[in-house]
Structures are given as C-alpha cells and as structure tokens.
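Student: Below is the structure I would like to discuss, written out as structure tokens.
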Amino acid sequence: MRSHQQGMMFSRIERGLSRLKNAFLEEPGVVVTVERACRVSGLDESSCYVLLTALEHARFLWRTYDGRFRLHPEAMMAEDRDRE
Numbered sequence: 053m054r055s056h057q058q059g060m061m062f063s064r065i066e067r068g069l070s071r072l073k074n075a076f077l078e079e080p081g082v083v084v085t086v087e088r089a090c091r092v093s094g095l096d097e098s099s100c101y102v103l104l105t106a107l108e109h110a111r112f113l114w115r116t117y118d119g120r121f122r123l124h125p126e127a128m129m130a131e132d133r134d135r136e
C-alpha cells in the first residue's frame, strides 16, 4: 500500500510527465534543454532528467548531439496516425 506522501509524489511526477509530453506534441519542432524541461514540467532536475531519458528510451524523444531533446520522428508519425 502506498503512503500518502508516495501517492502525492507519484501524482506530481505524472503531472510533470503529462506536461512534458504535451509540450512536445503541441510544438513538434521544439528542442528543449533539461533546464527548460524542468520549468515546463515543474519538476526538479534529477526527476526531469529521468523522465526525459525514459521518453528517449521509449522513442518518444530523441537526444540531439548537444544533449537537448526533441520529439522523435516516430512519435510525430504516431501522433499524425492517431489524428486520422
């Protein structure tokens, strides 16, 4: 059973993840630093970096040569298919 504090943390991370995904989907060409992603998500740098890396491994994001993140081309195609 989750404690109240764990539940609140989980909810905060879920909201941050949702904000990040929506930001990339609403503006597909955006390239984001970890710092900017923290501002968008409302999460601390460590939590935000973990989420960005998880989204990269899920092929939702792609990491540029300079360490920034952008929407993965496959995620863009999937979003286009979902809209049809």
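All residue numbers for the sequence shown refer to our numbering, where the first residue is 53 and numbers rise by one. Idealized CB from N, CA, C, for every residue including glycine.
1. If we ignore side chains and look at the alpha-carbon of each, how far apart do SER70 and ALA127 end up?
2. Does DSSP classify ARG122 as helix, strand or coil?
3. Write down every uninterrupted run of the beta strand (DSSP E) in the stretch 58-98 whose length is 3 residues or greater and which is fully enclosed by it, in chain order.
4. Label SER93 either buried or exposed according to how many other C-beta atoms from any shown protein chain fall within 10 Å of its C-beta, with 16 as the threshold for buried.
5. In angstroms, rounded to a whole number, what distance separates the CA positions of SER63 and ASP118?
Tutor: On the basis of the supplied data:
1. 15 Å
2. strand
3. none
4. buried
5. 31 Å
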